[in-house]
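Okay, so here's the structure we're looking at.
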Amino acid sequence: MTSSSQRLPVAEAEELATRAFQRAGVSFEAARDAAEILTLAEMMGIATHGLKRVATYTARIEAGGIRAGATPRVTAPAPALRQVDGDDGLGPATARLALRKGIAAARDCGVGAVFLRRGAHLGALAPYLWIAAEAGMAAIVTTNTAPMLASAGGREALIGNNPVGLGLPGPKGAHVMLDMALSVAARARVRAAAEMGAEIPDSWATDATGRPTTDARAAMDGLMQAIGGAKGAQLALCLDLMVATLSGAAMLSEIPNAAKAPDQPQGLGQMFLLIDAGKLLPSDEPFARLKDAARMVGGSAAVDPAHPPRLPGARAIAALRRTRKRGLDLPAPLLAELKARSGV
């Protein structure tokens, strides 16, 4: 904790977020669900998708891009399938509802698949993976986003930087959680380099002509580059098509940029695939296998002994455990914003 931050209990931070959403017109249940997701992200050290998003989402509610009074609708076309119409509501709340329905379906059928349409930005994927793993579920989660990548061979923004999340339940909360977008670097890193006048690796972004560039300012007028070049772009494309076609959501260039058009609903598509691990193997066996995996990965030769290899999600889970004990250290401006929006 620094002089410019304040420590407060996790429950208090979550309550502030809940109240802020309620003051913006969101129902208590939806506000509580969204606050849970954003607080979990904050606890995991994912500050970019944590409680600072309360202000972002409430501003979009005020602009009309998110419907405060949305009424999501859930249908069950088959025993293990659920369709959710998010009604352009608060993203983390409709996504949390979808996850809840998927877990319930997996409890009954062993597998549950949920396809959500008319969704909004749902935050980081790691909190959803954590909740699923805590319920004993392996999970695959993805969402489409506004275009930020070019298609293979193209130079126009067509494909979202569509993230994918994979999770496995582990022993005593030592879950495996991979949450990654498909650009080589975050756009925020390019923006920071541009502000400082620094160069960037030519693998990060292109200029306006679609050519790789080391000029961060030129990159701000261009596009982000996908991991693995054409392979990453095609993966992002297929994730978009998977969620959009099966859910009936907007896709590719149909999705508006929320930063440029905060008054327009994005109509995103999202997928939650849940697998009840306990139905495949004895309840203790998958946990034991992941314990062995952690030992093998952690014991492998490290480039830097101070930073040995580890399973995906280990750092986020360690941060979550620390904040559970000591509380959250929130920057003073963020805490002031939360209090103002919550009416405290």
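In this text, residue positions in the sequence shown follow our numbering: the first is 816, and each later residue adds one. Glycine included, every Cβ here is placed at the ideal spot set by N, Cα and C. Keep in mind the model is a prediction, meaning the values are calculated, not measured.
Quick one: residues in its chain with C-beta nearer than 8 Å to the C-beta of residue i, no 5 flanking neighbours on either side, listed in chain order?
{"i": "Lys1094", "result": "Gly925"}
{"i": "Ala885", "result": "Ala845, Gly901, Asp902, Asp903, Gly904, Leu905 and Thr909"}
{"i": "Lys1106", "result": "Gly985, Pro986 and Ala989"}
{"i": "Ala1103", "result": "Pro986"}
{"i": "Phe843", "result": "Thr833 and Gln837"}
{"i": "Leu823", "result": "Gly1142, Leu1143, Leu1145 and Leu1150"}
Once the 5 residues before and after residue i are set aside, which same chain residues still bring their CB inside 6 Å of it?
{"i": "Pro984", "result": "Ala948, Gly951, His990 and Ala1092"}
{"i": "Ala1000", "result": "Trp1019"}
{"i": "Phe930", "result": "Gln898, Leu1061, Ser1062 and Met1086"}
{"i": "Thr863", "result": "none"}
Based on Cα-Cα distance, which residue from the options lies nearest to residue i?
{"i": "Val869", "options": "Glu851, Gly860 and Ala885", "result": "Glu851"}
{"i": "Arg1110", "options": "Pro1097, Leu1126, Asp1119 and Asp1099", "result": "Leu1126"}
{"i": "Pro986", "options": "Leu1050, Pro962, Gln821 and Pro1101", "result": "Pro1101"}
{"i": "Met1035", "options": "Ala1007, Phe836 and Ala1041", "result": "Ala1007"}
{"i": "Pro894", "options": "Asp902, Ile918, Ala885 and Gly1082", "result": "Ile918"}
{"i": "Gly880", "options": "Ser1068, Ala1076, Ile861 and Gln837", "result": "Ala1076"}
{"i": "Leu1056", "options": "Leu866, Thr957 and Thr1024", "result": "Thr957"}
{"i": "Leu1038", "options": "Ser1068, Val1118, Ser998 and Met1011", "result": "Ser998"}
{"i": "Pro892", "options": "Leu912, Gly865 and Ala920", "result": "Ala920"}
{"i": "Met995", "options": "Arg1136, Asn1072 and Ile955", "result": "Ile955"}
{"i": "Gln821", "options": "Arg1026, Ala1147 and Ala1073", "result": "Ala1147"}
{"i": "Val889", "options": "Arg932, Ala1131 and Ala1117", "result": "Arg932"}
{"i": "Gly982", "options": "Ile1132, Arg1136, Met1011 and Lys1154", "result": "Ile1132"}
{"i": "Leu896", "options": "Gly1025, Gly938, Lys916 and Ser1115", "result": "Lys916"}
{"i": "Ser1098", "options": "Asp1119, Ala953, Gly938 and Leu937", "result": "Ala953"}
{"i": "Asp1005", "options": "Thr1024, Met992, Gln1040 and Gly1025", "result": "Checking the sequence shown, residue 1005 turns out to be Val, not Asp. Out of Thr1024, Met992, Gln1040 and Gly1025, Gln1040 has the C-alpha closest to the C-alpha of Val1005."}
{"i": "Met992", "options": "Met1011, Gly1128 and Ala1013", "result": "Gly1128"}
Would residue i pass as a contact of residue j if the rule is Cβ separation under 7 Å?
{"i": "Pro887", "j": "Val899", "result": "yes"}
{"i": "Arg874", "j": "Val841", "result": "For the record, residue 874 in the displayed sequence is Ala; it is not Arg. In this structure, Val841 does not lie closer than 7 Å to Ala874 by Cβ."}
{"i": "Leu940", "j": "Gly980", "result": "yes"}
{"i": "Ile974", "j": "Ala1064", "result": "no"}
{"i": "Asn959", "j": "Asn976", "result": "no"}
{"i": "Gly927", "j": "Leu1096", "result": "no"}
{"i": "Ile1042", "j": "Thr1029", "result": "no"}
{"i": "Pro856", "j": "Phe836", "result": "According to the sequence displayed, residue 856 carries Ala and not Pro. Contact: no."}
{"i": "Gln1079", "j": "Ile1070", "result": "no"}
{"i": "Ala1003", "j": "Arg1032", "result": "no"}
{"i": "Leu1083", "j": "Gly969", "result": "no"}
{"i": "Ala1134", "j": "Gly860", "result": "yes"}
Kindly identify the DSSP beta-bridge partner or partners of residue i.
{"i": "Asp1030", "result": "Glu1014"}
{"i": "Gly1037", "result": "Partner(s): none; Gly1037 has no beta bridge."}
{"i": "Asp1078", "result": "Asp1078 pairs with nothing; no bridge assigned."}
{"i": "Leu931", "result": "Val899 and Gln1085"}
{"i": "Leu944", "result": "Beta-bridge pairing links Leu944 to no other residue."}
{"i": "Ala1020", "result": "Met1039"}
{"i": "Val1195", "result": "The shown model of the chain, from 816 to 1159, leaves out residue 1195, and the question about it has no answer."}
{"i": "Gln821", "result": "Leu1145"}
{"i": "Arg1006", "result": "According to DSSP, which records beta bridges pairwise, Arg1006 is partnered with nothing at all."}
{"i": "Gly975", "result": "Pro962"}
{"i": "Ile955", "result": "Leu981 and Leu1088"}
{"i": "Val926", "result": "Ile1090"}
{"i": "Ser1062", "result": "According to DSSP, which records beta bridges pairwise, Ser1062 is partnered with nothing at all."}
{"i": "Ser1068", "result": "Ser1068 pairs with nothing; no bridge assigned."}
For residue i, which residues from the same chain have a beta carbon less than 7 Å from its beta carbon, with the 5 sequence-adjacent residues on both sides left out?
{"i": "Leu914", "result": "Tyr943, Ile946, Ala947 and Phe1087"}
{"i": "Glu971", "result": "Ala965"}
{"i": "Val825", "result": "Thr854, Met858, Thr1138, Arg1139, Gly1142 and Leu1143"}
{"i": "Gly1113", "result": "Pro1123, Pro1124 and Arg1125"}
{"i": "Glu1152", "result": "Ala870"}
{"i": "Ala967", "result": "Ala1045, Ala1048 and Gln1049"}
{"i": "Ile876", "result": "Ala839, Gly840 and Ala883"}
{"i": "Leu1067", "result": "Pro962, Leu973, Ile974 and Asp1055"}
{"i": "Arg1156", "result": "Ala835, Arg838, Val869, Ala870 and Thr873"}
{"i": "Arg922", "result": "Asp1091"}
Which ranges does the alpha helix (DSSP H) cover as unbroken runs of at least 4 residues, wholly within the stretch 1096-1158, from first to last along the chain?
List check, alpha helix (DSSP H) in window: 1100-1113, 1129-1141 and 1147-1157.
Complete runs of the alpha helix (DSSP H) confined to the stretch 818-896 [at least 4 residues]:
Counting whole runs of 4 or more residues, the stretch 818-896 contains the alpha helix (DSSP H) stretches 825-838, 843-858 and 868-878.
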